[in-house]
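See structure below.
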Amino acid sequence: MADEIIIRECGEDEGQVVLSLWQQAGDVVLSPTDSLEEVQAAIHHSAALFLVAESEGRIMGTIIGTWDGRRGEFYRLAVSPEVRRRGVARMLVDTAEKWMAEQGCHRITALVEKDHPWATGFWTAAGYELHESMSRYFRDV
């Protein structure tokens with residue numbers, strides 16, 4: 030595989046490819062909101078940045094960043110096993126952080142699976158701190 034990785038916004042017709050990557054990556058447990066319709070909605074949402082890493086015409090990584098006017102949040106950082114440990118995740122995060130800063134964001138949080146030590150290690154190495162006193166609650170509506 031060539032070393033050239035391009036970071037770009039996800040195209041509106043790439044939702045199914047993204048879902049396949051998330052399953053292939055194995056890091057992400059797909060939830061009810063991970064349908065093709067939900068992914069396409071995220072691609073089009075004005076408060077979200079949906080980035081992909083592309084190499085040789087193939088999507089090899091993703092990150093979703095959202096901005097609520099106060100704080101930013103990262104979701105769905107996933108990288109294909111084929112290109113792991115080559116800086117792809119870091120490129121995605123760096124690009125998304127730059128976008129957040131351009132929006133006026135001063136704090137970013139990242140949604141990370143607790144039982145994935147490789148993910149927690151990545152975020153710690155990237156300069157993010159674990160917020161021990163917070164829990165995430167959700168409800169499907």
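Its first residue numbered 30, the sequence shown is counted upward by one per residue in my numbering. Here a beta-carbon is modelled for each residue, glycine too, at the ideal position from N, C-alpha and C. These numbers come from a predicted model, not from an experiment.
- In this structure, DSSP gives LEU106 an extended state, which the three-state scheme calls strand.
- Shown here, ILE35 sits in a strand according to DSSP, grouped into three states.
- The Cβ atoms of VAL81 and GLY44 lie no closer than 7 Å to each other.
- Around the beta carbon of ARG100, fewer than 16 other beta carbons lie within 10 angstroms, which makes this residue exposed.
- Distance from the CA of MET163 to the CA of GLU83, rounded to the nearest whole angstrom, comes to 34 Å.
- Nearest Cα to ALA155 within the set ASP144, GLY133, MET120 and TYR166: MET120.
- Restricting attention to VAL108, ASP32 and ILE34, the CA atom closest to the CA of LEU48 is found in VAL108.
- If only complete runs of 3 or more residues are kept, the region 97–145 shows the beta strand (DSSP E) at 101–108 and 137–139, in order along the chain.
- In chain order, ARG100 and GLU102 place their CB closer than 7 Å to the CB of THR138, counting only its own chain and leaving out the 5 sequence neighbours on each side.
- Apart from sequence neighbours up to five positions away, the residues of its chain that approach VAL112 with a beta-carbon distance below 6 Å are MET89, ordered along the chain.
- Taking 7 Å as the cut-off, the Cβ atoms of THR95 and ALA77 count as close.
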